[in-house]
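Protein chains: 2
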Amino acid sequence: MGIYDEHLDRNAANYQPLTPLTFLSRAALIHPDRTAIVHGSLERSYRDFYARSRRLASALSRRGIGRGETVAVMLSNTPAMLEAHHGVPMAGAVLLSINTRLDAEIIAFQLDHAEAKVVIVDLEFSEVMAEALGKAKAAPLVVDYDDPDFPADAPAKKGEPIGSLEYEALLAEGDPDFDWQMPQNEWDAISLNYTSGTTGNPKGVVYHHRGAALMGYANIVAAGMTGHPVYLWTLPMFHCNGWCFPWTLAVQAGTHVCLRWVRARAMYDAIADHGVTHLCGAPIVMATLINAEENDKRPFTQTVTFNTAAAPPPQAVLAGMRDAGFEVTHLYGLTETYGPAVVNAWKAEWNELDRPGQAARKARQGVRYPALEDLAVMDGRKMEKVPADGETIGEVMFRGNIVMRGYLKNPEASAEAFRGGWFHSGDLGVMHEDGYIELKDRAKDIIISGGENISSIEVENALYLHPAVQTAAVVAKPDDRWGETPLAFVELKPGRAASEEELIAHCRAKLARFKCPKEIRFAEVPKTSTGKIQKYVLRKMIDD
Amino acid sequence: MGIYDEHLDRNAANYQPLTPLTFLSRAALIHPDRTAIVHGSLERSYRDFYARSRRLASALSRRGIGRGETVAVMLSNTPAMLEAHHGVPMAGAVLLSINTRLDAEIIAFQLDHAEAKVVIVDLEFSEVMAEALGKAKAAPLVVDYDDPDFPADAPAKKGEPIGSLEYEALLAEGDPDFDWQMPQNEWDAISLNYTSGTTGNPKGVVYHHRGAALMGYANIVAAGMTGHPVYLWTLPMFHCNGWCFPWTLAVQAGTHVCLRWVRARAMYDAIADHGVTHLCGAPIVMATLINAEENDKRPFTQTVTFNTAAAPPPQAVLAGMRDAGFEVTHLYGLTETYGPAVVNAWKAEWNELDRPGQAARKARQGVRYPALEDLAVMDGRKMEKVPADGETIGEVMFRGNIVMRGYLKNPEASAEAFRGGWFHSGDLGVMHEDGYIELKDRAKDIIISGGENISSIEVENALYLHPAVQTAAVVAKPDDRWGETPLAFVELKPGRAASEEELIAHCRAKLARFKCPKEIRFAEVPKTSTGKIQKYVLRKMIDD
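In the order they appear, the protein sequences are chains A and B.
Using the UniProt record's numbering, read the first sequence as starting at 1 and increasing by one per residue.
Using the UniProt record's numbering, read the second sequence as starting at 1 and increasing by one per residue.
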């Protein structure tokens with residue numbers, strides 16, 4: 001025992017649980033009149049945002065919902081979704097955000113597995129939720145949310161109410177001055193997000209207050225946010241809790257601009273009318289911005305930072321975004337890492353490179369996020385770091401405070417993911433000499449042909465360099481002679497043409513011959529709601 | 001036990017101690033070639049800064065210094081001081097930064113009380129350190145630091161070496177690739193700072209890794225730092241570890257510009273030549289900038305943020321700073337709160353106020369820092385918050401993760417400071433209706449005259465509004481009839497004149513009569529090295 005080990009213990013004055021909930025209370029105290037939320041014609045101040053979140057927490061508490069109980073929501077990027085991110089944990093409860101594209105069966109599984117006590121559902125999804133509730137054993141309190149700004153030209157319709165009460169009626173039960181309590185422990189769960197579950201049942205990823213709070217700071221540093229940022233909701237909030245930006249914005253009393261549907265006109269309107277400074281999304285959102293009709297575009301003068309993930313931004317998209325006035329930051333992470341945990345930290349000297357050189361740098365996933373303690377590319381069997389040579393493929397692994405607590409009620413999967421004291425991402429990549437990682441594939445997406453590893457991403461990147469290619473996805477096709485060979489699914493750009501022979505010849509000019517696709521199929525490439533290509537669907541299509 | 005309480009435990013993959021040490025390793029990984037430190041003609045990259053910090057940690061470890069042992073430094077704002085902030089805790093040890101203005105007796109007390117095992121001392125201070133070591137029971141390893149950029153026109157001289165070896169020789173013993181270990185626990189001590197101890201022995205304030213890491217993020221948010229900030233060292237790093245900026249800058253791979261002596265020409269040169277974006281200091285530093293000779297001023301185009309604390313910035317100083325191109329942020333805190341824990345968060349609408357109105361807003365200490373969980377003005381006996389009426393005086397109290405662990409080897413003082421689960425600052429203030437606090441006095445500085453409380457700060461503010469007043473300090477003078485009356489010590493501006501009668505008349509135009517000083521004394525006002533007025537010295541002068 002040293003002198004610093006005695007009489008210097010924790011107490012209420014010098015130790016408080018880390019939680020993002022204190023961000024909102026602080027923003028409401030300092031900036032009660034600042035606009036916290038814009039949603040169509042609705043503008044809500046921080047005073048009201050905080051009061052409504054407390055009403056929600058109070059109403060849940062009065063209905064007996066408390067610490068460690070699950071409150072599910074199936075909501076679009078609306079004010080209610082933002083309130084749920086604060087109000088649910090202020091009641092001590094855990095927020096389960098359900099992907100709005102899921103079918104009834106998976107929704108029912110999630111409600112049962114998480115033992116949901118409440119579900120708040122947007123009327124757009126009431127039909128599928130009713131079906132899910134029919135299949136589920138859980139019998140949560142069902143609350144309808146009738147979006148006050150459901151646009152007249154919406155691509156979907158509202159369904160009928162299915163709940164016991166409407167969201168505003170629930171809020172009316174609560175006290176706007178509710179004396180919410182800090183979490184008992186910063187390790188307490190704050191939210192639950194199910195992975196897409198390409199094989200087997202979805203796994204429930206548990207986040208804690210500590211990690212969510214640290215992401216609040218880390219996002220600010222990584223995204224270069226200062227002053228009062230204005231954030232446009234193009235990334236679904238059900239996706240890794242919107243990469244924790246629902247909490248982050250409160251640190252600087254920034255403004256959330258909600259967006260129910262990601263359409264070009266609405267995005268440009270928000271940027272021009274509300275002074276948006278930041279937005280996030282998959283490359284598809286960038287394509288929507290770039291390829292917008294001229295009528296839908298609006299000029300803007302501020303710098304707008306676009307944080308993208310899910311896939312490296314293709315060179316043409318990067319050039320298009322720059323010409324359109326956006327700065328693109330490439331992020332990478334998984335549901336298990338609270339969203340982004342790796343950032344392509346851009347260096348000023350890279351601006352001297354030519355455009356392909358810049359695109360090659362931008363395609364790297366990068367370095368650990370400010371709040372991540374360690375990032376490595378490792379030989380998974382030996383649990384040793386691979387050489388930083390840009391060539392040796394290993395598994396990308398994470399260690400730190402923005403890694404999930406584990407999978408809910410699934411200790412086997414948690415132990416498997418955490419073996420050796422690192423979170424195993426399942427993604428394969430290399431470590432470059434300069435310490436930046438670059439993904440080469442999902443472990444299951446690597447193609448082994450004649451004993452040689454082929455990175456499907458490398459083949460896709462070659463295909464993307466062809467001017468007619470809109471989307472490319474390469475999977476392994478079983479082959480009697482080679483074991484596997486690369487099979488490419490390709491979507492062409494509207495109005496452009498290219499033959500199978502032409503694309504294969506194009507690849508041969510770029511890649512070693514054994515890496516080139518033996519076959520090209522022109523077809524719509526299936527994607528998740530967040531823009532990730534669903535290779536497991538493509539694999540099922542191989543024999544079609 | 002709920003479902004979230006099972007099988008979701010901490011492990012090395014999902015839990016790491018919070019520490020600012022990972023900030024430097026990250027900066028060195030991502031930006032090895034960026035300039036971390038500028039000191040005169042010396043420029044040091046992040047690669048070298050990290051390697052030298054590791055050398056220091058390695059050398060200390062090889063000499064048997066480890067967890068929970070104290071390494072003292074008596075250094076100016078030099079590269080060695082920055083290296084010590086990282087290298088000492090990388091060895092698991094605790095950094096004691098000794099105020100360079102202290103006398104031998106207090107230094108000896110600190111070395112003994114902290115059981116210092118090593119002391120690194122700048123040659124400027126070798127004489128007083130030698131004297132202190134003569135008085136001390138502790139027999140630390142003494143290391144001399146010979147500043148490579150000790151200017152020829154320095155206002156002080158180097159003394160003779162007194163140590164066993166020179167700092168560079170110590171570093172040469174260490175391994176630049178030293179595999180430093182994370183702290184065992186984020187609650188482990190990282191540094192020790194003795195309060196100035198106006199009465200009795202100084203108290204040793206213990207900081208932990210957790211708080212230092214959180215300050216890293218909080219400073220960024222509060223100071224509006226983005227990109228790669230350039231920070232000028234006008235605040236002594238021995239003062240609350242330079243408000244934790246030695247660690248903060250690494251988060252964004254910013255540049256430290258060292259400054260051995262705070263002189264106008266050197267500050268303007270740094271701002272113009274190195275693109276300084278941020279600096280911190282007491283109002284005296286602002287006065288030095290504003291009142292510089294025209295020859296010493298340099299034009300600059302960037303926005304420079306000046307964070308000030310110790311005393312509310314007077315109106316004339318604020319106007320002068322604005323005219324000179326600086327943005328002033330007013331911060332408040334104590335050694336016990338890692339430096340700033342309260343920020344005068346400025347609101348855009350306040351820019352519409354006239355200059356006195358703006359100065360009145362700027363004089364408020366403000367709201368809790370981003371990483372502070374709670375701030376209150378309380379009735380210390382009842383431990384109840386005073387009404388937010390801007391009038392009721394109470395004691396300012398803090399609660400959160402940037403409050404010290406306690407006072408070293410002084411459980412009584414710690415218990416007293418933490419009674420009721422709040423850190424008692426000893427400062428008196430009011431809570432305004434809008435949630436901003438404003439200090440009215442130190443508890444011991446309040447003047448009680450005829451049973452009425454008089455805030456010495458209020459009287460000082462009135463005096464500062466007189467154009468001839470450079471510095472004003474008001475203390476209580478014992479009075480047979482009234483108990484106490486306000487006595488003002490005043491320094492006039494060079495070349496300006498004002499009589500005692502004139503200043504008292506000036507006060508009567510601004511204040512209730514009972515608050516006005518009964519007597520004015522024109523004298524040099526004693527200040528600490530950080531610019532704080534030493535009222536205890538003034539009190540001793542009352543009977544002179």
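We treat Cβ as the ideally placed atom computed from N, Cα and C, and that holds for glycine.
9 Å Cβ cutoff, residue i in contact with chain B
| i | result |
| --- | --- |
| Ser414/A | yes |
| Asp188/A | yes |
| Lys347/A | yes |
| Pro486/A | no |
| Thr22/A | yes |
| Arg405/A | yes |
| Glu115/A | yes |
Cα-Cα separation between residue i and residue j, rounded to whole angstroms
| i | j | result |
| --- | --- | --- |
| Met541/B | Val475/B | 10 Å |
| Leu439/A | Arg355/A | 20 Å |
| Asp5/A | Thr485/B | 46 Å |
| Gln252/A | Val221/B | 7 Å |
| Thr198/A | Gly87/A | Below a pLDDT of 50, predicted positions are generally treated as unreliable, and Thr198/A, at 49, falls in that range; no measurement from the model is reported. |
| Glu33/A | Leu96/B | Checking the sequence, you will find Asp at residue 33/A rather than Glu. Their backbone Cα atoms lie some 44 Å apart in a straight line. |
| Pro161/A | Pro155/A | 19 Å |
| Pro229/B | Thr255/B | 6 Å |
| Ala371/B | Ala472/A | 45 Å |
| Asp147/B | Arg44/B | 14 Å |
| Pro20/B | Leu334/A | 25 Å |
| Ala189/B | Phe178/B | 21 Å |
| Gln181/B | Leu24/B | 13 Å |
| Val128/B | Pro89/B | 26 Å |
| Asn77/B | Ser126/B | 16 Å |
| Leu487/A | Asp149/A | 45 Å |
| Trp482/B | Lys515/B | 12 Å |
Sub-9 Å separation of residue i and residue j beta-carbons
| i | j | result |
| --- | --- | --- |
| Ala136/B | Ala93/B | no |
| Leu82/A | Pro246/A | yes |
| Ala223/B | Cys244/B | no |
| Ala388/A | Met431/A | yes |
| Ile393/B | Ile446/B | yes |
| Met267/B | Val317/B | no |
| Thr248/B | Gly281/B | no |
| Val71/A | Ala91/A | yes |
| Ser455/B | Glu336/B | no |
| Val328/B | Phe300/B | no |
| Arg47/B | Glu173/B | no |
| Tyr145/A | Leu75/A | yes |
| Glu433/A | Asn401/A | no |
| Val525/B | Leu511/B | no |
| Asn14/B | Phe326/A | no |
Any C-beta of chain A under 9 Å from that of residue i
| i | result |
| --- | --- |
| Pro387/B | no |
| Thr198/B | Residue placement at Thr198/B is poorly supported in this model, since its pLDDT is 49, which falls under 50; the coordinates are not used for a value here. |
| Ile98/B | no |
Beta-carbon separation (whole angstroms), residue i vs residue j, contact threshold 8 Å
| i | j | result |
| --- | --- | --- |
| Gly366/B | Asn351/B | In fact, because the Cβ distance is near 16 Å, the residues do not count as touching under 8 Å. |
| Leu235/A | Ile271/A | 15 Å between Cβ atoms; not a contact. |
| Ala310/B | Gly531/B | 5 Å |
Inside the stretch 31 to 64 of chain A only - beta strand (DSSP E) runs reaching at least 3 residues:
35 to 39, 42 to 45
Pick out the complete alpha helix (DSSP H) segments inside the stretch 421 to 490 of chain A, 4 residues or longer, and give them in chain order.
456 to 464
Can you give me, in chain order, the residues of the stretch 199 to 230 of chain B that have a beta carbon less than 7 Å from any beta carbon in chain C?
This model lacks chain C altogether; the protein chains it does include are A and B.
Complete runs of the beta strand (DSSP E) confined to the stretch 284 to 316 of chain B [at least 3 residues]:
304 to 308
Suppose only complete runs of 3+ residues qualify. What are the beta strand (DSSP E) ranges in the stretch 94 to 162 of chain A, listed by chain order?
94 to 97, 116 to 122, 141 to 145
Whole runs of the beta strand (DSSP E) within the stretch 230 to 258 of chain B, excluding any shorter than 3 residues
230 to 232, 255 to 257
Kindly provide the ranges of any beta strand (DSSP E) runs that are 3 or more residues long and lie completely inside the stretch 355 to 384 of chain B, ordered along the chain.
372 to 379
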